[in-house]
Every structure is written in C-alpha cells, then in structure tokens.
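To convert, count from 1 in the sequence shown and add 1; that's our numbering.
Backbone N, C-alpha and C fix where the C-beta goes; we use that ideal spot for every residue, glycine too.
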Amino acid sequence: MNKKAAFYTLGCKVNQYETEAIIDIFLDNNFEIVDFSAEADVYIINSCTVTNQAASKSRKIARRAKRSNNDSLVAVVGCYTQAFPEEVSSISEIDFIMGSSNKSKIVNKVKKLLAGKNVDNEIKEYQELKDYEDLEIKRLSNTTRANIKIEDGCNQFCSYCIIPYARGPVRSREQKSILNEIKKMIGQGVKEIILTGTHLGAYGTDKGNKTALTDLMQQLTELNNLQRLRLSSIEGTEIDAKMIDLIAENDIFCPHLHLPLQSGSNEILKAMQRPYTAEEFKETINKIRAKIPDIAITTDIIVGFPGENEKTFKQTLELVKELKFSKIHVFPFSAREGTPAFKMDNKLNGNIIKKFSKKLRFINKSLMEEYQANFLGQNKKVLIEEARDQQTGFLTGYTDNYLKILVEGPDNLKNTLREVKLEQSFDHSHIKGIIIE
C-alpha cells in the first residue's frame, strides 16, 4: 500500500503555492494525500513565523499531528524553522525540519526516514539562500484561481519584520518558467492568476532589472485565454507609470492593488524603516486613481508600534480617511523576537493597542461600505468560487475590483465568470447580487 501524507499550510500565498507544488512531488512519488485530520504516515507543516501567534500555531499543529498517529513522521518546514531552528528542533514531537530552501528534496528525506535511515536537518544561513528554487504546480486542488510564485526573499529589513531572516535575499524566477506554468494553468481551466512573491515588487532587481515585473506583465497581456490577472501585495514605491498604464489599458488586469501603508505618521514610518513618507504614499495613490478612478486599493496598517501615541495614530486615521481604502487589514503590533522592534523600549500598553485597533476597524467598516455603494445597481463580472458561503449557503465570488459577492445558483456555476447585477449591501464585506446571464 502507498504511504499516506498530510499537509498543513500556515501563512501567506507563497506558502500556499509551495505546499501545492510539494504535494505534486509527493504524488509523483506514489504517496496518497489525505486530509490533515486523518491518520497518515507523514505529516508536513509548512510553517509561518511572521508573528509569535503563527509560530505558536505551528508548534500546536505539529503536536496534534503526532497525536493522530504516534508512529508517524512529523516534519516542519519553511519560515519558522529557518528563523528559529533550535526552537523548533527542541519540540519532541517533531522528527525532521527543513528551512526555506531545497523544499523539492523533502520527499527524498522522508523516504529515507521511513526506511529507517538517518538524515540531517537542512537549514542554511539566510544569507546563503542565493538561488531561486523552481517549484511548479502540476495539479490544482482549486481551479478558480492560482497563485503563481515569481520571486522569493526580501532585502528591505523593516524593523518589525522577521521575513528577510526567514526567506533570505531576493531571488527571481526566470520569465520563461513563469510563462510556461501560467500557460499550463490556463490549459487546466484556471480563470484568474495571482502573481505572488515574498517581495513581489523586487522581482528582477537581483539581476539588475528594475522593470522586470512590468515587462512580465506586458508579456502576460499577450497570452491567449487568460481571463484575469491580479497582483498580490506590492509596495507603493515599486509602482511605476508604465505599470499603471498597463493595468488601466488592459482588461485582463484586475483593478485592485494591495499597497501596505503600515502607518500614516512619518515619525512611525521612519522607526519602522519603511522606504517612503506618508506624502509619497499619498502621491502614488493619486497617480493611480488619476488613471484608474474606480480601482480598489486595499492596505495593511500596524497599530500600536513602539512610540505610537495619540498624535501619530490620529495622523494615520486622517490619512486613511483621505485615501479612502476599499479595505484595511488591521494588525495589532506584536513584537517578534529577532527583529529590531523587539528590543525597542517605548512599547505600548496592550489596552491602548486594543483601543486604537477598535477605532481603525470601525473606520475600515465605514470605508468598505462607502466603496461598495459606488457599485450598487451596476452589472459586474463575478468569478464564482469553488466553495459556498458557510453562513448563507449562497455561492460566493469576486468582482475584478475585489468585491465579495453572494448569489443564488447551482454548483455547476463554480469556476465560471458570470454577469451579475449588484443589488444590495449584505454587510460591509458582502454584496448580494443576481446572475443575469
């Protein structure tokens, strides 16, 4: 009988992509893939370490896996193990760890361990992660949309962020490899491609090409049968005029950008070691909206960074209201060991962080409703999701500008683009619609 393997993914779209690719490798090596809650011979946790909570969850999942089958092999790979290998190795339930490199080789390590042989844990120093590992997805569990990883690593070293230590420096994927994978995904019926990376806007900079992402986007406009193309998170400083023009002039580009602001205070941005001022960020938004007026711009805000006070937080609130984001992801500050912010003295009381977060979430709700209202009564193309909304039982889908839509209809509408009349706001995060074709 084939050995059974189960996978659990924590964290970002890059991790999700990598897990899908590793599953393919295990399938090619005659493993049966089972749900993580089932009994398996091998449990692999693709870990996250962005926050203390993410690391804690990685540990809990590993222990839970061992309880499912005490004779199983439990492996933890990825960012948490790369950044804190000794901490992960000390967990008795974990049999084997790998960092952020050579993930394609994990199946060979697993086979040796299952055969009773010894293998070494594989952790390189983050500075040594110099080559892009060309993983590839062959089989998709979800054909509605596909994350395509084009870059790994980050050179930015924001003072709150552990990711450069967990992912290493910027490494870019060859354009030919990206195009070939996207063509295969389109051939499998994928309607939406999301370009993703650890630091997406840095794509190509390791090879001295600052326009590589825009060049790739131009190439993708020439592919046949690509319905939608979306960028994942990208820094505002990496949006150039040609990129804005491409998105404005080509229907395949979703009019949606996720630009992390993090703070509206120049004092806090400087302490965060962010590469822009609030004024520069605002100027970028204005340039984008001048060409694409209805674009959805979502963002991240860290609340309660060391040194933040009523004055600096008010500056963030005022800028958020002025820029009218369509959605804000609110992150209460959590000091991450290994980052400069962890050692900062002027940390805020937890109750103040909660108060600030509540205020910002209230504004976010209002801004989401305001953006929704611009489109009520209009017809928009909606890409119907694989899964129904659990609470309402409706089919769910997204417009190109990232409005989440609820519609009634049969399951055979999944993974289709449908013309939908956006009728009424269901709540601040959903719109009820009617399919008209």
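- Judged by DSSP secondary structure, G434 falls within the beta strand (DSSP E) whose first and last residues are 431 to 436.
- For P165, the uninterrupted alpha helix (DSSP H) segment begins and ends at 164 to 168.
- Residue environment: M273 is assigned as buried (16 or more neighbouring CB atoms within 10 Å of its CB, all protein chains considered).
- With contacts defined by Cβ atoms closer than 8 Å, R362 and V331 form a contacting pair.
- Excluding the 5 residues flanking it on each side, Q189 has same chain C-beta neighbours closer than 8 Å at L141, T144, in chain order.
- Counting along the chain, no beta strand (DSSP E) covers M369; the unbroken alpha helix (DSSP H) around it starts and ends at 351 to 374.
- Counting C-beta atoms within 10 angstroms of its own C-beta, R168 has 16 or more neighbours from the protein chains shown and is therefore classed as buried.
- Within the stretch 87 to 115, complete beta strand (DSSP E) segments of at least 3 residues are found at 97 to 99, given in chain order.
- Here L260 is not near S233, since their CB atoms are 8 Å or more apart.
- Looking at the DSSP output, D301 sits in a beta bridge with H330.
- For M186, the CB contacts under 6 Å within the same chain, skipping 5 residues up- and downstream, are A147 in chain order.
- Here T397 is buried. Its C-beta has 16 or more other C-beta atoms within 10 Å.
- In this structure M369 is buried. Its beta-carbon is surrounded by 16 or more other beta-carbon atoms within 10 angstroms.
- Partner residues in a beta bridge of G202, as assigned by DSSP, do not exist.
- An exposed status is given to A291, since fewer than 16 other beta-carbon atoms sit within 10 Å of its beta-carbon.
- Your pair I163 and A84 checks out as a contact, with CB atoms roughly 6 Å apart and the cut at 8 Å.
- If the five residues before and after N122 are omitted, its C-beta is found closer than 6 Å to the C-beta atoms of I98, all from its own chain and listed in chain order.
- Between the alpha carbons of K328 and Y18 lies a distance of about 24 Å.
- Under the DSSP assignment, I45 falls in the beta strand (DSSP E) whose first and last residues are 43 to 48.
- By the CB criterion at 8 Å, A63 and I92 fall inside the cutoff.
- Under the three-state reduction of DSSP, T145 is assigned to coil, being neither helix nor strand.
- In this structure, N402 keeps its C-beta atom at 8 Å or more from the C-beta atom of D301.
- In the pairwise beta carbon analysis, the stretch 405 to 419 is classified as touching the stretch 380 to 390: at least three pairs are separated by under 8 Å.
- E387: member of the beta strand (DSSP E) spanning 380 to 389, first to last residue.
- T52 sits away from C80, with the two beta carbons spaced by 8 Å or more.
- Within 10 angstroms of the beta-carbon of A116 lie fewer than 16 other beta-carbons, which makes it exposed.
- Note that the stretch 165 to 182 does not touch the stretch 25 to 41; fewer than 3 beta-carbon pairs, one per stretch, sit closer than 8 Å.
- Three or more beta-carbon pairs separated by less than 8 Å link the stretch 413 to 424 to the stretch 383 to 393, which places the two stretches in contact.
- In the three-state DSSP reduction, I179 falls in the helix class (H, G or I).
- In the assembly as shown, A374 is an exposed residue. Its beta-carbon has fewer than 16 other beta-carbons within 10 Å.
- Closest by C-alpha distance to I269, out of F334, K422, N350, P86, is F334.
- In the three-state scheme derived from DSSP, where H, G and I count as helix and E and B as strand, I151 is classed as strand.
- Residue pairing of Q263 in beta bridges, as defined by DSSP: I302.
- In this chain, the beta strand (DSSP E) harbouring I406 covers 405 to 408.
- In the structure shown, K5 falls within a strand segment according to DSSP collapsed to helix, strand and coil.
- Looking at the backbone, the Cα of A203 and that of F326 are separated by about 24 Å.
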